[in-house]
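Engineer: Protein chains in written order, with this note's numbering: chain A, 1 to 156; chain B, 157 to 312; chain C, 313 to 393; chain D, 394 to 474. Quick reminder that beta carbons are idealized off the backbone N, C-alpha and C, glycines included. Dropping the structure in here first, questions after.
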Amino acid sequence: MIATRVTTDRLDPAALVQAVETPGSGAIATFVGLVRDHNQGRRVLHLVYEAYEPLAERALTRILDEARDRWPTAVLAVHHRTGKLEVGQVSVAIAAASPHRSEAFAACRYAIERVKQIVPIWKHEYFEGGDVWIEGATADPDDTSARDSAMRIACA
Amino acid sequence: MIATRVTTDRLDPAALVQAVETPGSGAIATFVGLVRDHNQGRRVLHLVYEAYEPLAERALTRILDEARDRWPTAVLAVHHRTGKLEVGQVSVAIAAASPHRSEAFAACRYAIERVKQIVPIWKHEYFEGGDVWIEGATADPDDTSARDSAMRIACA
Amino acid sequence: MRVTVRLFARLRELVGAGELSRNVAAGAVVAVVWDDLAREYPAISPYAGSMSCAVNAEYARMTTVVDEDDEVAFLPPVSGG
Amino acid sequence: MRVTVRLFARLRELVGAGELSRNVAAGAVVAVVWDDLAREYPAISPYAGSMSCAVNAEYARMTTVVDEDDEVAFLPPVSGG
Numbered sequence: 001m002i003a004t005r006v007t008t009d010r011l012d013p014a015a016l017v018q019a020v021e022t023p024g025s026g027a028i029a030t031f032v033g034l035v036r037d038h039n040q041g042r043r044v045l046h047l048v049y050e051a052y053e054p055l056a057e058r059a060l061t062r063i064l065d066e067a068r069d070r071w072p073t074a075v076l077a078v079h080h081r082t083g084k085l086e087v088g089q090v091s092v093a094i095a096a097a098s099p100h101r102s103e104a105f106a107a108c109r110y111a112i113e114r115v116k117q118i119v120p121i122w123k124h125e126y127f128e129g130g131d132v133w134i135e136g137a138t139a140d141p142d143d144t145s146a147r148d149s150a151m152r153i154a155c156a
Numbered sequence: 157m158i159a160t161r162v163t164t165d166r167l168d169p170a171a172l173v174q175a176v177e178t179p180g181s182g183a184i185a186t187f188v189g190l191v192r193d194h195n196q197g198r199r200v201l202h203l204v205y206e207a208y209e210p211l212a213e214r215a216l217t218r219i220l221d222e223a224r225d226r227w228p229t230a231v232l233a234v235h236h237r238t239g240k241l242e243v244g245q246v247s248v249a250i251a252a253a254s255p256h257r258s259e260a261f262a263a264c265r266y267a268i269e270r271v272k273q274i275v276p277i278w279k280h281e282y283f284e285g286g287d288v289w290i291e292g293a294t295a296d297p298d299d300t301s302a303r304d305s306a307m308r309i310a311c312a
Numbered sequence: 313m314r315v316t317v318r319l320f321a322r323l324r325e326l327v328g329a330g331e332l333s334r335n336v337a338a339g340a341v342v343a344v345v346w347d348d349l350a351r352e353y354p355a356i357s358p359y360a361g362s363m364s365c366a367v368n369a370e371y372a373r374m375t376t377v378v379d380e381d382d383e384v385a386f387l388p389p390v391s392g393g
Numbered sequence: 394m395r396v397t398v399r400l401f402a403r404l405r406e407l408v409g410a411g412e413l414s415r416n417v418a419a420g421a422v423v424a425v426v427w428d429d430l431a432r433e434y435p436a437i438s439p440y441a442g443s444m445s446c447a448v449n450a451e452y453a454r455m456t457t458v459v460d461e462d463d464e465v466a467f468l469p470p471v472s473g474g
């Protein structure tokens with residue numbers, strides 16, 4: 001299985017876990033993001049995710065490289081879904097395996113923080129009564145203060 | 157499914173995820189502990205986990221109560237396996253769901269730290285050339301410094 | 313020279329197209345492509361301070377020089393996850 | 394009065410049994426049960442400083458008073474996870 005993927009297919013967190021696991025794995029941390037039924041007081045009907053796919057794939061690969069530099073013992077996989085997602089469906093799935101739990105948690109957390117900072121994917125929220133494009137971070141992979149912030153959050 | 161469990165059955169992380177998920181879940185963090193093939197330079201053959209079951213169940217319930225106090229929006233499940241486990245098998249599985257990712261990660265991390273502090277379960281390691289009981293923390297649920305330490309690690 | 317302009321999310325909707333072909337002078341930087349576009353579609357101007365850009369599907373700067381047939385993308389603040 | 398003593402992991406192996414029945418004086422505290430046991434099995438003495446105890450499957454203190462038929466457990470440092 002490919003460690004990074006941007007796809008309209010349903011995500012399979014269990015497959016990511018299998019992909020990162022080795023006989024030396026003592027800990028696997030995973031994260032999935034799901035479409036919730038409410039956002040900022042609005043009843044969410046569904047989301048549509050749009051991606052600049054080739055750059056999104058490269059940004060995910062970059063995140064894996066950054067994580068490998070910092071936590072060489074951790075094996076990481078990150079998949080992001082695009083297209084229309086219903087409430088309860090998985091938009092992003094991350095798995096991180098390592099011999100000990102600190103690195104697995106840190107790499108997993110770092111990955112989702114960086115996804116939100118630098119991966120060119122956008123969320124279009126359709127709620128009861130309207131729709132809105134969600135806009136988060138100005139993407140800049142070279143912004144060291146953003147990267148430091150992700151690292152700080154990841155390293156408890 | 158029961159949120160806390162000490163069992164000789166194989167653990168099923170996917171079932172824990174289903175158990176904690178609600179329509180309001182925007183994030184699910186999971187952790188699994190696995191038997192690794194090496195420990196402190198020894199080649200591990202297998203592990204045998206022993207528990208004081210009724211107290212272990214209560215300690216897990218206590219951990220869920222502590223987490224609920226601190227992260228009321230997080231829903232948590234923790235299962236621990238006992239008996240003989242081969243390399244690659246899951247010894248502990250934790251799932252934490254919440255509307256946002258911070259609480260899910262924090263509750264998940266807190267749970268595993270507390271499992272290692274206060275749950276009366278012991279690991280008997282059989283390695284190439286011998287066997288050894290692993291001894292970690294002196295269990296004391298009322299030790300506030302241990303609890304604070306788990307909280308500090310959980311809250312990035 | 314011709315370049316392809318790619319637009320995403322709300323920028324795409326404001327312009328009404330995800331892909332455009334535009335002429336710019338040889339040696340132009342990304343900022344020139346943007347400025348031309350913002351003159352044509354003033355509604356996108358507020359993104360000048362918050363968007364990112366890419367050339368040929370690699371992050372770039374507004375000062376990056378573009379070549380013939382390059383794909384120049386303008387990206388509103390991202391919201392994946 | 395009779396109490397049941399429960400032992401786990403290495404403590405269990407050092408004593409050679411996970412469950413014992415022992416007599417203690419009425420009003421005895423957990424520490425008395427331990428001290429009697431450690432006299433009988435001196436090999437367990439090093440655990441005095443690191444073990445935990447429980448009465449009837451609830452964590453307790455060495456100063457907790459035990460009753461007839463109580464289950465008193467001695468727990469080496471734990472290593473779950």
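Is the beta carbon of V367/C sitting closer than 8 angstroms to the one on V336/C?
Structural biologist: Not closer than 8 angstroms, so no.
Engineer: How many Å lie between A111/A and I118/A at the Cα?
Structural biologist: Roughly 10 angstroms separates the two Cα atoms.
Engineer: Return helix, strand or coil for V35/A, following the three-state DSSP convention.
Structural biologist: V35/A: coil per DSSP, three-state reduction.
Engineer: Per DSSP, H202/B forms a beta bridge with which residues?
Structural biologist: E242/B and Y282/B, per the DSSP bridge assignment.
Engineer: Please decide whether V87/A counts as near chain C, where near means a Cβ-Cβ distance under 8 angstroms.
Structural biologist: Not an interface residue.
Engineer: With distance defined between alpha-carbon atoms, name the residue in S301/B, Q245/B and E222/B nearest to V17/A.
Structural biologist: Measuring from the Cα of V17/A, the nearest candidate turns out to be Q245/B.
Engineer: Mapping the DSSP letters down to three states, classify Y371/C as helix, strand or coil.
Structural biologist: Three-state DSSP puts Y371/C in a strand.
Engineer: How about V176/B and A223/B: are their beta carbons less than 8 angstroms apart?
Structural biologist: Going by C-beta atoms, V176/B is not nearer than 8 angstroms to A223/B.
Engineer: Whether or not the region 32 to 46 of chain A and the region 120 to 128 of chain A are in contact is what I'm after, with contact meaning three or more pairs of Cβ atoms, one per stretch, closer than 8 angstroms; do they touch?
Structural biologist: Verdict: yes, contact present.
Engineer: Between V132/A, T30/A, T8/A and D140/A, which has its C-alpha nearest A104/A's C-alpha?
Structural biologist: Cα-wise, what sits closest to A104/A is T30/A.
Engineer: Hey, could you find the ends of the alpha helix (DSSP H) L430/D is sitting in?
Structural biologist: Start and end: V423 to E433.
Engineer: State the CB to CB distance for the pair L241/B and Y205/B, rounded to an integer number of angstroms; the pair is presumed to be in contact (CB under 8 angstroms).
Structural biologist: Yes, L241/B and Y205/B are in contact; Cβ-Cβ is about 7 angstroms, under 8 angstroms.
Engineer: Tell me whether D143/A sits in a helix, a strand or coil according to DSSP, three-state version.
Structural biologist: Note: D143/A maps to coil in three-state DSSP.
Engineer: For a contact defined as C-beta to C-beta under 9 angstroms, what are the partners of D168/B on chain A?
Structural biologist: Within chain A, no residue comes near D168/B; the closest Cβ sits about 10 angstroms away, beyond 9 angstroms.
Engineer: Using a Cβ-Cβ cut-off of less than 8 angstroms, list which residues of the region 281 to 311 of chain B approach chain A; keep chain order.
Structural biologist: Here the close residues are R308, I309, A310 and C311.
Engineer: Suppose contacts are defined by Cβ-Cβ distances below 8 angstroms. Is S91/A in contact with H80/A by that definition?
Structural biologist: Yes.
Engineer: Restricting to Cα atoms, I'd like to know which of D296/B, I158/B, P169/B and I277/B is closest to G473/D.
Structural biologist: For G473/D, the nearest C-alpha among the options comes from I277/B.
Engineer: Determine, for H202/B, whether the minimum Cβ-Cβ distance to residues of chain D falls below 8 angstroms.
Structural biologist: Judged by the 8 angstroms Cβ criterion, H202/B is not in contact with chain D.
Engineer: Counting only beta-carbon separations shorter than 8 angstroms, does R351/C have a partner in chain A?
Structural biologist: It does not: the Cβ of R351/C has no partner Cβ on chain A nearer than 8 angstroms.
Engineer: I want to see whether chain E comes within less than 8 angstroms of I158/B, judged by CB atoms only; does it?
Structural biologist: Checking the listed chains, one finds no chain E in this structure; the protein chains it contains are A, B, C and D.
Engineer: Can you name, in chain order, every residue of its own chain whose Cβ lies under 7 angstroms from the Cβ of A15/A, other than the five neighbours on each side?
Structural biologist: Result list for A15/A: M1, in chain order.
Engineer: Would DSSP call V459/D helix, strand or coil?
Structural biologist: DSSP places V459/D in coil when its eight states are reduced to three.
Engineer: In terms of residues, what are the limits of the beta strand (DSSP E) holding T4/A?
Structural biologist: Taken as a continuous stretch (DSSP letters only), the beta strand (DSSP E) holding T4/A covers T4 to T7.
Engineer: Give me, in chain order, the residues of the same chain whose beta-carbon lies closer than 7 angstroms to that of T475/D; leave out the 5 immediate sequence neighbours on both sides.
Structural biologist: Because chain D here runs from 394 to 474, residue 475/D falls outside it and cannot be looked at.
Engineer: Taking K116/A as the reference, which of C108/A, D142/A and A137/A has the closest Cα?
Structural biologist: Cα-wise, what sits closest to K116/A is A137/A.
Engineer: Using the three-state DSSP reduction, which class does V384/C fall into: helix, strand or coil?
Structural biologist: In the structure shown, V384/C sits in a strand (DSSP, three-state: E or B).
Engineer: Whose C-alpha, out of R161/B, A215/B and T164/B, is nearest the C-alpha of A295/B?
Structural biologist: The option with the nearest alpha carbon to A295/B is A215/B.
Engineer: Please state whether DSSP places R415/D in a helix, a strand or coil.
Structural biologist: Here R415/D sits in strand by DSSP.
Engineer: When you compare only the Cα positions, how much space is there between A106/A and F386/C?
Structural biologist: Those two C-alpha atoms are separated by around 32 angstroms.
Engineer: Please tell me whether E291/B and P439/D are closer than 8 angstroms, where the distance is taken between their beta carbons.
Structural biologist: Their beta carbons are not under 8 angstroms apart, which means E291/B does not touch P439/D by this criterion.
Engineer: I'd like the span of the beta strand (DSSP E) that includes V234/B, first residue to last.
Structural biologist: Unbroken beta strand (DSSP E) run through V234/B: V231 to R237.
Engineer: Note down, in chain order, each residue of its chain lying with its Cβ closer than 6 angstroms to the Cβ of G33/A, except the 5 sequence neighbours on either side.
Structural biologist: These residues qualify, in order along the chain: S91 and V92.
Engineer: From this set, D460/D, V465/D and E464/D, which residue's C-alpha is nearest M394/D's C-alpha?
Structural biologist: Of the candidates D460/D, V465/D and E464/D, the one whose C-alpha sits nearest the C-alpha of M394/D is D460/D.
Engineer: So what does DSSP say about A410/D, is it helix, strand or coil?
Structural biologist: Coil at A410/D, not helix or strand.
Engineer: Closer than 8 angstroms, CB to CB, is D470/D near chain B or not?
Structural biologist: It should be pointed out that residue 470/D corresponds to Pro in this sequence rather than to Asp. With 8 angstroms as the cut-off, P470/D counts as an interface residue toward chain B.
Engineer: Locate the beta strand (DSSP E) running through V115/A, then write down its first and last residues.
Structural biologist: Unbroken run through V115/A is the alpha helix (DSSP H), R101 to I118; no beta strand (DSSP E).
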